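Protein chains in written order, with our numbering: chain P, 180 to 494; chain F, 20 to 582. We treat Cβ as the ideally placed atom computed from N, Cα and C, and that holds for glycine. Every value quoted in this text rests on a predicted model; they were computed, and no experiment measured them. For reference, the structure discussed in these notes is given below.
Here it is, written out as structure tokens:
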């Protein structure tokens with residue numbers, strides 16, 4: 180039990196604290212004085228000293244980090260140096276946009292990616308077409324996809340807006356359709372490729388051959404023997420792909436003028452706005468930690484072989 | 020020269036100093052009277068106002084290419100975005116007109132002696148909440164601007180006291196005469212907000228959470244971080260000339276040059292100031308609206324030697340470098356015509372604007388013509404050949420010349436690449452060093468961040484539409500932008516004398532005299548004078564096209580154009 184706690188609770192917590200320290204140090208090791216963003220370049224040195232003292236920036240970095248960490252443990256992530264607002268109030272409206280975008284893109288990735296992969300894995304005739312589509316999808320960078328989609332569907336056809344995140348559920352879905360596709364294209368190819376390989380491998384496996392020999396219907400073979408066994412790698416790759424989307428929204432957010440946490444993170448790194456960088460950085464780390472821990476846990480529960488291995492390792 | 024704010028970083032906030040650009044009314048010694056009428060013509064190049072607003076709109080959708088404002092508290096408006104919004108929300112005591120002339124606004128003024136300035140506040144003006152604007156609000160606002168935590172406090176260095184001398188009168192006393200102060204009052208440092216509201220908002224003043232209470236043509240009705248702002252017309256606005264033409268303004272924060280262009284082309288956006296030059300070719304052919312290059316501006320491209328030592332301490336080597344630069348080619352290749360070659364350290368629009376009388380402008384233009392004649396051929400093959408010979412004669416033997424530029428700025432990268440190529444033709448080995456935005460801004464005022472650099476390339480601006488200001492910050496000993504410790508007693512004396520006179524013709528004479536001494540030292544060159552790049556949707560008019568848009572309620576002025 181203790182080892183389970185260590186693996187699923189303590190290790191993720193240590194990862195979070197270590198990530199926060201690395202982020203904090205990295206932000207402050209960048210050259211440049213962030214007070215320039217507040218005072219301009221014509222303020223006197225005395226003014227700079229006054230503001231540094233007022234904002235607590237004249238204290239050594241480890242002291243500032245410790246203060247941040249203790250406040251964060253109490254749920255206070257501080258105030259943005261640039262926006263002079265609580266970090267929570269800056270992130271809250273943006274994270275809604277980013278999460279909706281990621282959710283929308285995830286649905287597209289899972290539905291289209293898995294479907295394409297199954298088709299490619301099952302049909303030797305369509306496999307080269309799926310492989311070619313996958314190659315094309317992986318080769319198109321997000322910003323190029325964004326520009327192409329906008330030029331065609333927003334500017335030429337006028338079906339979707341060019342900018343903004345919209346209001347209300349329908350408005351938001353309409354505004355996020357092109358960004359979600361731009362974000363999803365490369366990942367669709369990735370998930371599709373993994374699915375195709377997994378399905379193809381299972382299709383040729385002895386137990387599927389046996390099932391065919393027993394005269395089971397193709398849909399039943401697909402459902403019970405192919406997909407069930409191919410599900411593990413597909414699930415792992417899909418979960419990690421979806422988790423990584425959160426960190427990859429930056430380009431698409433800029434390209435479609437969406438105020439999400441990706442663009443805020445980029446701006447805050449440039450501004451050395453450390454409290455904002457840390458909060459967003461930790462959200463991203465947290466999503467990864469939760470995803471990988473959950474996957475680990477699910478695999479442990481679902482796969483009896485792991486439980487057996489685990490038993491010999493942990494007990 | 021002032022700080023070097025990145026002008027076209029697509030994904031970075033412009034440095035705080037850019038806010039000070041809007042204090043463009045700091046014309047040293049310039050009189051309050053208007054010298055020239057604004058040019059209002061239906062053309063698209065070199066105009067200060069574009070079209071005429073004849074009718075009202077329900078909604079104007081406007082983008083801020085520099086992104087979301089970090090505050091709308093006027094003395095802290097630290098970039099193009101926040102400055103533009105503040106200028107539409109809050110009234111300054113005086114008004115800066117499109118041609119840079121000054122007129123009374125929320126107050127008129129009198130100056131009984133050089134150490135006293137009296138503002139008489141217009142009666143009957145109310146804040147958005149209906150409270151009257153009184154001397155208590157004016158005193159609080161000016162003292163707020165003067166506090167050390169604002170970006171404009173240095174402008175109050177000569178102020179001794181700010182006192183309410185009546186319910187509608189405020190008297191400012193000075194420690195020493197300050198001819199600039201009056202003109203600061205047409206900018207952010209002279210914008211008035213409600214004392215009671217501001218004190219209640221405390222540290223949240225001007226943020227999305229705390230907002231602001233002013234008396235301007237628009238009220239800030241919503242601000243969703245990361246998404247946008249809504250400004251709603253103030254139905255009780257006191258000034259019919261600056262009244263809101265659009266009932267609502269929807270502000271977007273898109274910073275990506277490609278999507279800005281597509282949104283302007285598709286008509287989703289009604290317009291934007293500070294359109295990135297990289298998208299000029301696309302917008303030129305747009306049928307949805309008009310691309311406008313406005314003037315005057317105080318924005319320009321400058322290349323400065325960053326240290327008194329190093330390979331460029333040799334006069335002939337640095338002159339050889341300037342001789343290789345083809346300014347007209349920079350205008351065409353990097354700025355697509357939205358700029359003009361400039362041949363002195365002072366940008367042309369610093370003296371070619373409505374704040375100067377014709378006689379003073381004549382002195383400036385005569386002096387400028389001399390430099391232009393000498394340097395116009397620079398960048399041609401024969402000039403590059405001459406530069407090569409000059410550098411070789413000076414003993415240059417391939418030492419690297421490190422030129423810093425702003426990382427992530429595609430336009431500046433293009434300029435840097437062209438300069439590097441031309442220099443190479445003359446045998447000068449220029450190395451380009453992109454700096455991250457903060458390090459780049461810091462390099463403009465701190466020697467610590469200039470270590471290892473020989474040149475700093477960047478877009479910069481004047482706070483005042485007057486060469487006295489950049490000259491006085493660069494060419495006297497101890498100046499913040501005197502990177503090379505330049506010192507010449509005659510130049511120092513001329514600049515000092517110019518600062519103490521209110522006679523603009525005399526000021527022009529003194530400053531051009533100083534210019535004739537320091538220019539041949541070639542420590543710094545202003546290569547281009549920029550236009551303001553504005554896009555306006557078809558059917559709209561009344562837009563301020565000069566850089567004064569940052570000081571006046573420029574969005575309020577935009578309405579339906581006459582058919």
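Boundaries (first-last residue) of the alpha helix (DSSP H) holding residue i
i	result
residue 534(F)	523 to 537
residue 219(F)	214 to 220
residue 203(P)	190 to 208
residue 386(P)	385 to 392
residue 82(F)	That residue, residue 82(F), is in no alpha helix (DSSP H); its beta strand (DSSP E) goes 76 to 82.
residue 209(F)	First-last for residue 209(F): undefined, no H or E at that position.
residue 185(F)	Here residue 185(F) belongs to no alpha helix (DSSP H); instead the beta strand (DSSP E) covers 178 to 185.
residue 300(F)	299 to 303
residue 70(F)	From DSSP, residue 70(F) is part of no alpha helix (DSSP H); its letter is neither H nor E.
residue 200(F)	200 to 203
Nearest neighbour of residue i, chosen from the options [CA to CA]
i	options	result
residue 431(F)	564(F), 321(F), 385(F), 291(F)	321(F)
residue 203(F)	576(F), 257(F), 570(F)	570(F)
residue 564(F)	574(F), 553(F), 572(F)	553(F)
residue 175(F)	184(F), 389(F), 238(F), 195(F)	195(F)
residue 272(F)	406(F), 387(F), 100(F)	100(F)
residue 405(P)	393(P), 384(P), 425(P)	384(P)
residue 426(P)	408(P), 436(P), 467(P)	467(P)
residue 245(P)	270(P), 400(P), 204(P)	204(P)
residue 92(F)	123(F), 567(F), 169(F)	169(F)
residue 501(F)	464(F), 225(F), 530(F), 479(F)	464(F)
residue 273(P)	429(P), 474(P), 471(P), 362(P)	429(P)
Exposure label - residue i; buried when at least 16 CB within 10 Å
i	result
residue 580(F)	buried
residue 544(F)	buried
residue 476(P)	exposed
residue 338(P)	exposed
residue 441(F)	buried
residue 519(F)	exposed
residue 233(P)	exposed
residue 578(F)	buried
residue 452(P)	buried
residue 466(F)	exposed
residue 513(F)	buried
residue 221(P)	buried
residue 38(F)	Note that residue 38(F) scores 31 on pLDDT, short of 50, meaning its location in the model is unreliable; the coordinates nonetheless yield the value given after this. Residue 38(F) should be labelled buried.
residue 318(P)	exposed
residue 43(F)	Low confidence applies here, because residue 43(F) scores a pLDDT of 33, under 50, leaving its location unreliable and the question unanswered by this model.
residue 54(F)	Model confidence at residue 54(F) stands at a pLDDT of 31, short of 50, so the residue's coordinates are unreliable; what they give is reported in the following sentence. Label assigned to residue 54(F): buried.
residue 266(P)	buried
residue 230(F)	buried
Boundaries of the beta strand (DSSP E) in which residue i is found, first to last residue
i	result
residue 461(F)	That residue, residue 461(F), is in no beta strand (DSSP E); its alpha helix (DSSP H) goes 456 to 462.
residue 422(F)	420 to 425
residue 408(P)	Here residue 408(P) belongs to no beta strand (DSSP E); instead the alpha helix (DSSP H) covers 407 to 426.
residue 127(F)	126 to 132
residue 313(F)	308 to 313
residue 319(F)	318 to 324
residue 479(F)	474 to 480
Exercise. Taking one C-beta from the segment 152 to 160 of chain F and one from the segment 201 to 213 of chain F each time, how about it: are there three or more such pairs within less than 8 Å?
Worked result: yes
Exercise. Where in the segment 263 to 307 of chain P do unbroken runs of the alpha helix (DSSP H), each at least 4 residues long, occur, reported from the N-terminal end onward?
Worked result: 266 to 287, 293 to 301
Problem set entry | alpha helix (DSSP H) runs wholly inside the segment 227 to 266 of chain P, at least 4 long, in chain order | 240 to 252
Problem set entry | Ranges of the beta strand (DSSP E) found wholly within the segment 346 to 400 of chain F, counting only runs of at least 3 | 358 to 360
Exercise. Is the segment 270 to 288 of chain P touching the segment 343 to 360 of chain P in the sense that three or more CB pairs, one from each, lie closer than 8 Å?
Worked result: Using a C-beta cut-off of 8 Å, the segment 343 to 360 of chain P makes contact with the segment 270 to 288 of chain P, since at least three inter-stretch Cβ pairs fall below that distance.
For this session: Would you mind listing the alpha helix (DSSP H) stretches within the segment 219 to 282 of chain F that are 4+ residues and don't spill past its ends, in chain order?
Result: none
For this session: Report yes or no: do three or more beta-carbon pairs, one from the segment 373 to 381 of chain F and one from the segment 111 to 120 of chain F, lie closer than 8 Å?
Result: yes
Problem set entry | Three CB pairs or more closer than 8 Å across the segment 450 to 464 of chain F and the segment 436 to 451 of chain P | yes
Exercise. Should the segment 299 to 308 of chain P be called in touch with the segment 365 to 379 of chain P, which here means at least 3 C-beta pairs below 8 Å?
Worked result: yes
Problem set entry | Three-pair Cβ contact test at 8 Å for the segment 524 to 544 of chain F versus the segment 374 to 392 of chain F | yes
Exercise. Is it true that the segment 363 to 370 of chain F meets the segment 485 to 496 of chain F, where meeting means three or more beta-carbon pairs spaced less than 8 Å apart?
Worked result: yes
For this session: Inspect the CB distances between the segment 303 to 315 of chain F and the segment 323 to 335 of chain F and report whether three or more fall short of 8 Å.
Result: no
Exercise. Contact between the segment 274 to 291 of chain F and the segment 329 to 345 of chain F: three or more CB pairs below 8 Å?
Worked result: no
For this session: Answer yes if the segment 255 to 270 of chain F comes into contact with the segment 68 to 79 of chain F, meaning at least three C-beta pairs across the two stretches below 8 Å, and no otherwise.
Result: yes
Exercise. For the segment 406 to 414 of chain P against the segment 326 to 344 of chain P, are there 3 or more C-beta pairs whose distance is under 8 Å?
Worked result: no
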